[in-house]
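Reviewing the structure listed below.
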Amino acid sequence: IAGATAIRNTGIRSYLTNWLVLRISSSYQSSEDPGAFAVATNGEPFPWYHLRLPNSVIPLHYDLFVHPNLTSLDFVASEMIEILVRDTTQFIILHCKDLEIMNATLQSEEDLRDKKPGKKLHVLSYPAHEQIALLVPEKLMADLRYYVAIDFQGKLANGFEGFYKSTYRTLHGETRIIAVTDFQPTQARMAFPCFDEPLFKANFSIKIRRESRHIALSNMPKVKTIELQGGLLEDHFATTVKMSTYLVAYIVCDFNSVSGTTSSGVKVSIYASPDKWNQMHYALQASLKLLDFYEKYFDINYPLPKLDLVAIPDFGPGAMENWGLITYRETSLLFDPRTSSVSDKMWITKVIAHELAHQWFGNLVTMEWWNDIWLNEGFANYMELISVNATYPELQFDDYFFDVCYAVITRDSLNSSRPISKPAETPTQIQEMFDAVSYNKGACILNMLKDFLGEEKFQEGIIHYLKKFSYRNAKNDDLWGSLSNVSPMWNYSRLLSLKSCRIITKENKIKEMMTTWTLQKGIPLVVVKQDGCSLSIQQERFLEGVFKEDPEWRALFLWHIPLTYSTSSSNTIHRHILKSKTDTLDLAEKTTWVKFNVDSNGYYLVHYEGHGWDQLITQLNQNHTLLRPKDRIGLIHDAFQLVSAGRMTLDKALNLTRYLQHETSSPILLKGLSYLELLYHMMDRRNISDVSENLKRYLLWYFKQMIDTQSWSDEGSAWDRMLRSVLLRLACELGHAPCIQKATELFSQWMESSGKLNIPTDVLKIVYSVGAQTTAGWNYLLEQYELSVSSAEKNKILYALSTSRHQEKLVKLIELGMEGKVIKTQDLAALIHAIARNPKGQQLVWNFVRANWTDLLKKFDLGSFAMRTIISSTTSFFSSKDELQEVKQFFESLSAQGSHLDIFQIVLETITKNIKWLEKNLPTLRTWLLGEKIEKQL
Ligand SMILES: [Zn+2]
Numbered sequence: 034i035a036g037a038t039a040i041r042n043t044g045i046r047s048y049l050t051n052w053l054v055l056r057i058s059s060s061y062q063s064s065e066d067p068g069a070f071a072v073a074t075n076g077e078p079f080p081w082y083h084l085r086l087p088n089s090v091i092p093l094h095y096d097l098f099v100h101p102n103l104t105s106l107d108f109v110a111s112e113m114i115e116i117l118v119r120d121t122t123q124f125i126i127l128h129c130k131d132l133e134i135m136n137a138t139l140q141s142e143e144d145l146r147d148k149k150p151g152k153k154l155h156v157l158s159y160p161a162h163e164q165i166a167l168l169v170p171e172k173l174m175a176d177l178r179y180y181v182a183i184d185f186q187g188k189l190a191n192g193f194e195g196f197y198k199s200t201y202r203t204l205h206g207e208t209r210i211i212a213v214t215d216f217q218p219t220q221a222r223m224a225f226p227c228f229d230e231p232l233f234k235a236n237f238s239i240k241i242r243r244e245s246r247h248i249a250l251s252n253m254p255k256v257k258t259i260e261l262q263g264g265l266l267e268d269h270f271a272t273t274v275k276m277s278t279y280l281v282a283y284i285v286c287d288f289n290s291v292s293g294t295t296s297s298g299v300k301v302s303i304y305a306s307p308d309k310w311n312q313m314h315y316a317l318q319a320s321l322k323l324l325d326f327y328e329k330y331f332d333i334n335y336p337l338p339k340l341d342l343v344a345i346p347d348f349g350p351g352a353m354e355n356w357g358l359i360t361y362r363e364t365s366l367l368f369d370p371r372t373s374s375v376s377d378k379m380w381i382t383k384v385i386a387h388e389l390a391h392q393w394f395g396n397l398v399t400m401e402w403w404n405d406i407w408l409n410e411g412f413a414n415y416m417e418l419i420s421v422n423a424t425y426p427e428l429q430f431d432d433y434f435f436d437v438c439y440a441v442i443t444r445d446s447l448n449s450s451r452p453i454s455k456p457a458e459t460p461t462q463i464q465e466m467f468d469a470v471s472y473n474k475g476a477c478i479l480n481m482l483k484d485f486l487g488e489e490k491f492q493e494g495i496i497h498y499l500k501k502f503s504y505r506n507a508k509n510d511d512l513w514g515s516l517s518n519v520s521p522m523w524n525y526s527r528l529l530s531l532k533s534c535r536i537i538t539k540e541n542k543i544k545e546m547m548t549t550w551t552l553q554k555g556i557p558l559v560v561v562k563q564d565g566c567s568l569s570i571q572q573e574r575f576l577e578g579v580f581k582e583d584p585e586w587r588a589l590f591l592w593h594i595p596l597t598y599s600t601s602s603s604n605t606i607h608r609h610i611l612k613s614k615t616d617t618l619d620l621a622e623k624t625t626w627v628k629f630n631v632d633s634n635g636y637y638l639v640h641y642e643g644h645g646w647d648q649l650i651t652q653l654n655q656n657h658t659l660l661r662p663k664d665r666i667g668l669i670h671d672a673f674q675l676v677s678a679g680r681m682t683l684d685k686a687l688n689l690t691r692y693l694q695h696e697t698s699s700p701i702l703l704k705g706l707s708y709l710e711l712l713y714h715m716m717d718r719r720n721i722s723d724v725s726e727n728l729k730r731y732l733l734w735y736f737k738q739m740i741d742t743q744s745w746s747d748e749g750s751a752w753d754r755m756l757r758s759v760l761l762r763l764a765c766e767l768g769h770a771p772c773i774q775k776a777t778e779l780f781s782q783w784m785e786s787s788g789k790l791n792i793p794t795d796v797l798k799i800v801y802s803v804g805a806q807t808t809a810g811w812n813y814l815l816e817q818y819e820l821s822v823s824s825a826e827k828n829k830i831l832y833a834l835s836t837s838r839h840q841e842k843l844v845k846l847i848e849l850g851m852e853g854k855v856i857k858t859q860d861l862a863a864l865i866h867a868i869a870r871n872p873k874g875q876q877l878v879w880n881f882v883r884a885n886w887t888d889l890l891k892k893f894d895l896g897s898f899a900m901r902t903i904i905s906s907t908t909s910f911f912s913s914k915d916e917l918q919e920v921k922q923f924f925e926s927l928s929a930q931g932s933h934l935d936i937f938q939i940v941l942e943t944i945t946k947n948i949k950w951l952e953k954n955l956p957t958l959r960t961w962l963l964g965e966k967i968e969k970q971l
């Protein structure tokens with residue numbers, strides 16, 4: 034029995050006089066001092082002082098019973114964990130957070146067989162590490178099995194973690210409550226005491242008690258329902274396959290579903306709140322197609338008999354891959370034919386593809402520890418590309434994948450970036466691992482490796498990996514081992530003829546190459562100089578905002594870069610691995626230009642010295658089709674990155690974009706447009722009005738023909754539709770009269786029809802945004818926001834509301850977001866991001882975040898996606914020294930209070946980069962714009 038502080042017999046439980054009642058507080062201290070010994074909450078010594086659990090005991094099976102009460106918002110539960118003792122021990126350490134332990138007992142196999150009652154266990158709690166210790170009366174003997182039974186209870190959590198409460202509003206205005214779990218990475222311990230580390234895989238048999246008006250869902254199908262006295266029902270679910278705790282899931286709700294069956298007989302169902310029936314069909318079709326695809330691609334059947342995809346009204350991340358019971362934000366799963374746009378469709382398809390890929394990458398084979406979370410997330414992101422391309426070729430997902438890589442390059446070219454694999458111990462550090470480096474860079478280096486090995490060999494390698502490590506855990510080296518087993522010798526023998534390639538055994542080859550990408554941070558810049566038929570190449574770390582003359586600039590990094598290049602004289606793709614700092618290549622014939630990184634498959638940037646860039650720019654202007662479309666995107670991207678790094682002048686990059694007038698590929702036009710728009714926003718925010726006005730005129734003049742020929746409809750290919758959305762949004766934002774007139778017209782008609790009029794989905798956001806500029810329009814949109822049962826529409830309305838130029842309206846939005854009723858807390862970070870994008874709102878939200886930091890931390894974990902979005906979106910646009918100072922001071926005050934995040938350093942470096950960019954490029958931009966002959970008739 035624990036001491037006084039640990040035992041809390043409340044009135045309601047007073048009959049449990051001899052039961053141990055333990056309250057685990059939620060406070061978490063991250064320090065781990067091996068020299069110190071831990072003290073439990075009751076003052077007794079806690080027998081374990083590490084953050085990681087001991088290996089002396091491993092779980093085999095959990096029998097878990099849960100009874101949530103959706104009226105009183107709490108739950109009672111019990112579990113029986115079958116454990117195997119590896120090393121003789123006198124205690125069992127479990128993770129446990131915010132739960133009240135009522136009783137804990139232990140039985141041996143013999144006890145269980147003879148039906149002897151369990152021996153009471155003494156329970157100690159150590160909240161700093163979210164652990165409890167079960168002290169056993171007699172030593173547990175190695176190689177024997179034991180059974181630990183624990184009765185416990187807790188409250189349904191308020192946030193988005195553990196076993197928590199979510200609510201939704203029906204068409205008739207009634208608010209209903211559901212209970213749902215979300216455990217990744219370290220929150221299963223908030224729902225039941227467990228060995229909450231990915232390596233401790235076990236089987237789970239789950240029982241849920243519920244009222245008859247609800248249903249219960251879990252990872253596995255229901256095998257039976259028992260009727261209890263008083264009308265309660267108890268669902269028993271089939272035992273799961275062997276899996277990690279973070280993948281366990283259960284939901285009690287009153288949702289409806291639509292179902293279908295895959296060609297291999299897996300039942301797939303989509304669940305959502307009852308009014309959303311007509312929004313579930315696209316997700317069903319997509320998940321059936323994608324599950325069929327993955328089963329063939331991985332050559333491993335999905336091992337469970339069913340798969341449910343559930344749209345949860347309140348959800349932290351975009352979605353979560355719980356095995357057999359995937360949970361989504363409504364916007365990531367529900368496609369509303371009336372209000373969902375083509376980019377919504379792209380997003381939904383992508384997220385479904387991602388979570389389905391996890392059923393293999395992550396669920397079947399799990400990383401050993403969170404330092405390698407990229408093995409889950411990088412792969413799932415990469416598999417989106419493979420699977421969506423195969424199942425929905427019309428979405429041209431290839432062109433979407435560029436942005437996956439380009440988005441992380443911005444981060445990876447800062448000094449504060451991190452390697453893909455990085456130690457992470459505390460829950461906050463583990464949460465921070467779920468970032469662009471794990472997701473995007475992980476996916477991009479896999480794509481580069483696939484390009485190097487060839488599609489088939491790569492696929493064979495990952496099938497080998499998945500089969501070899503099924504129901505187990507893996508590390509980076511295991512993946513490289515599997516890929517080496519199949520890697521083609523021809524590839525090497527061909528390469529051996531090139532002088533920089535040493536002969537190495539193939540087992541080491543892949544590992545040797547890939548660890549240069551996973552264990553060191555940053556992205557390489559390959560500098561190419563052509564001299565007749567000779568190419569000299571050199572690699573260095575690409576750093577933005579740090580120039581060669583700066584003291585921070587160092588080139589200590591070395592990668593094994595699988596280079597590809599083509600030339601003006603042939604279409605052949607040449608390959609060469611650059612391992613050393615410098616190297617030379619001989620060209621077979623004389624060429625006017627060389628283009629490296631064919632199809633932009635490699636994770637590196639290229640700078641062409643001498644006349645290299647000029648030749649490429651000339652080619653673009655003369656006949657851009659001689660360069661492959663993906664190479665044209667790459668050139669635009671690299672040019673603007675090189676400007677940021679001080680390696681190219683801005684006017685040269687701008688001159689490159691001149692050819693866009695002849696460009697017909699929508700993804701390329703979008704890329705070019707995005708850089709020009711970025712310049713405009715930077716000038717607009719800083720009130721550099723002469724330049725921003727000239728840029729506005731330039732953009733409207735340059736893209737006038739394209740803007741004016743856009744139809745206000747949903748016609749065309751996926752990328753034509755996306756281009757239309759962007760062009761028309763920009764035109765209206767820049768005050769292009771015909772655009773505003775058309776949008777105003779549609780908005781009035783929509784209001785007159787009481788929101789019944791169907792507006793083409795691709796222009797819906799634009800029409801709402803123009804409508805939100807009047808007080809009547811803004812108020813009407815807010816009313817519709819509350820009434821709408823389409824989260825796709827609500828998202829568009831919320832964005833529109835955030836574009837208001839009236840500060841008091843923006844303040845009202847933030848208040849609603851903090852209150853969490855009309856605007857849900859799950860949408861607060863996106864709201865703050867949207868307001869920060871509005872020049873009239875940026876200072877407002879920045880002041881707000883500083884003043885309400887503690888309240889925000891009550892809503893979101895420090896390391897969560899939401900907090901990181903809030904921090905970066907309110908600060909990373911800044912570009913003056915005063916602003917930098919202000920942000921620095923704020924972060925320092927937080928660090929002094931114990932809040933520290935990697936994002937702080939990233940933001941500070943980003944602002945510094947912005948300041949340097951302006952200093953270096955503003956005069957050039959001003960002059961370049963004056964030189965452009967913009968026609969007057971605008
Ligand atoms: Zn994922």
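Position in the sequence shown counted from 1, then plus 33, gives you our numbering.
Note that CB positions come from ideal geometry on N, CA and C, so glycine has one too.
Here the structure is a predicted model, which means the values were calculated and not measured.
Three-state secondary structure assigned by DSSP to residue i
i	result
residue 408	helix
residue 421	helix
residue 579	coil
residue 532	Summary for residue 532: the model assigns pLDDT 39, below 50, so the residue's position carries little reliability; its value from the coordinates is reported in the next sentence. Coil.
residue 138	strand
residue 144	helix
residue 710	helix
residue 273	coil
For residue i: DSSP bridge partner residues
i	result
residue 227	128
residue 290	304
residue 118	90
residue 641	561
residue 109	100 and 186
Where the alpha helix (DSSP H) containing residue i begins and where it ends
i	result
residue 805	Note, residue 805: premise wrong, no alpha helix (DSSP H); not H, not E.
residue 778	770-785
residue 907	898-908
Range covered by the beta strand (DSSP E) that runs through residue i
i	result
residue 298	First-last for residue 298: undefined, no H or E at that position.
residue 370	Looking at the DSSP string, residue 370 is not in any beta strand (DSSP E), and its letter there is neither H nor E.
residue 692	Per DSSP, residue 692 belongs to no beta strand (DSSP E) and is neither H nor E.
Residues near residue i by beta carbon distance below 8 Å, same chain, minus five either side
i	result
residue 864	831, 835, 846, 847, 850 and 856
residue 339	253, 254, 299, 300, 301, 302 and 357
Proximal residues to residue i (C-beta, below 6 Å), its chain only, five neighbours per side dropped
i	result
residue 868	835, 843, 874 and 878
residue 359	342 and 388
residue 754	375 and 795
Contacts around residue i, its chain only, beta-carbon distance under 7 Å, and the 5 residues preceding and following it disregarded
i	result
residue 425	382
residue 209	200, 201, 203 and 287
residue 152	138, 139 and 170
Cβ-heavy atom distance, residue i to ligand 1, below 7 Å
i	result
residue 469	no
residue 391	yes
residue 387	yes
residue 409	yes
residue 282	no
residue 354	yes
residue 413	yes
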